[in-house]
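Just so we're aligned: the sequence shown equals residues 25 to 312 in the working numbering.
Some notes on the structure that comes next.
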Amino acid sequence: MSNVTSPERRNNRSRNAYCLCSEKHNWRGKTLKISIRDWLLAIGAALGPVAGALADEVRVAVAANFTAPAQRIAADFEKSTGHKVLLSIGSTGKFSAQIRNGAPYEVLLSADSETPARLQAEHLAVAGTRITYAIGKLVLWSPRPGVVDANGNVLRTGHFSHLAIADPALAPYGAAAVQTMRALGLYDRLHDRIVQGENIGQAFQFVASGNAELGFVALSQIEDDGRLREGSSWPVPASLHSTLSQDAVLLEPGRDHAAAKAFLEWMMAPGARAVIRSYGYDLPGESQ
């Protein structure tokens, strides 16, 4: 029998050998990719917060009065750090309930100082991280010129049917509105005309849309860079209600979260403070 292999059989063996090598190479290639992926994941887990510092998301619960400045501050923070900020807007009271029920917010920008303090006492916020980022101001506002006079006497004359406020049980600005009316001795007289929004944002919308002729809103909602919105307003004297000291705090889900810590620090940076001031807030440590 001849041991000479025909050219055709040699070609077939070569092709088969090539195919086996290619399959083996592909199989090894896939194994190498998986190994690199697993290695990177292992390194990322070992680095922990350091890896997260490269680029990450931070979930921030924001009191409704602070919506506009929070959006500007978040945009500046994202541009500077590469982190992504996920803002949730609502009432401080509602956020407090959600946090107690396990909501995964990492930072709270509250409309008061009491809520962050209580969350710390309940071990739902990180001790030593609470800061006062703004002092809020309450105003009585109407989008129509001439409705609200410079002294707020419209509350006494009663030439309106609906007065919007935020829910005083959930929103510090709503509680301040009730305190103001009680201090003026007008709450009982005005009670039946009050329409409540869940938060100060909804109260503002009631007035802006014309569903209420006037309402107690945050100065930040009608002022931007020192310019007031069209309409008429009365700045409520701070002596008529509790100080609207607004605190921020790092929540427990953000304890080891580099982006959350960075955002809280950013809130006290000169750029953020300039934005806050431009919306009519006072700043802690500055003369008021």
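Backbone N, C-alpha and C define an ideal beta-carbon position, used for all residues, glycine too.
- The Cβ-Cβ distance between Val163 and Val241 falls below 8 Å.
- For Val131 and Leu143, the gap between their C-alpha atoms comes out near 12 Å.
- With respect to the C-alpha of Pro93, the residue from Leu238, Asn177, Trp165 and Ile246 having the closest C-alpha is Ile246.
- Within the region 172-259, complete beta strand (DSSP E) segments of at least 3 residues are found at 187-190, 218-221, 238-242 and 256-259, given in chain order.
- When the alpha-carbon of Val260 is set against those of Asn235, Leu274, Asp173 and Ala283, the nearest one is in Asp173.
- When DSSP states are grouped into helix, strand and coil, Gly278 belongs to the helix group.
- Sorting Ser166, Thr139 and Ala135 by C-alpha distance to the C-alpha of Tyr157 places Ala135 at the top.
- Nearest to Thr181 by C-alpha distance, out of Arg213, Leu133 and Trp165, is Arg213.
- No residue range can be given for Ala88, since it is assigned to no beta strand (DSSP E) and is classified by DSSP as neither H nor E.
- Here the alpha carbons of Ala141 and Gly152 stand approximately 10 Å from one another.
- Residue range Ile155 to Gly160 is occupied by the beta strand (DSSP E) that includes Ala158.
- The alpha-carbon separation between Gly250 and Phe230 amounts to approximately 23 Å.
- Taken through DSSP and simplified to helix, strand or coil, Ser115 comes out as coil.
- Between Tyr129 and Gly160, the C-beta spacing is not below 8 Å.
- When secondary structure is reduced to three states using DSSP, Glu138 falls in the helix class.
- For Val131, the uninterrupted beta strand (DSSP E) run begins and ends at Val131 to Leu133, by DSSP.
- Annotated three-state conformation of Leu288 is helix, per DSSP.
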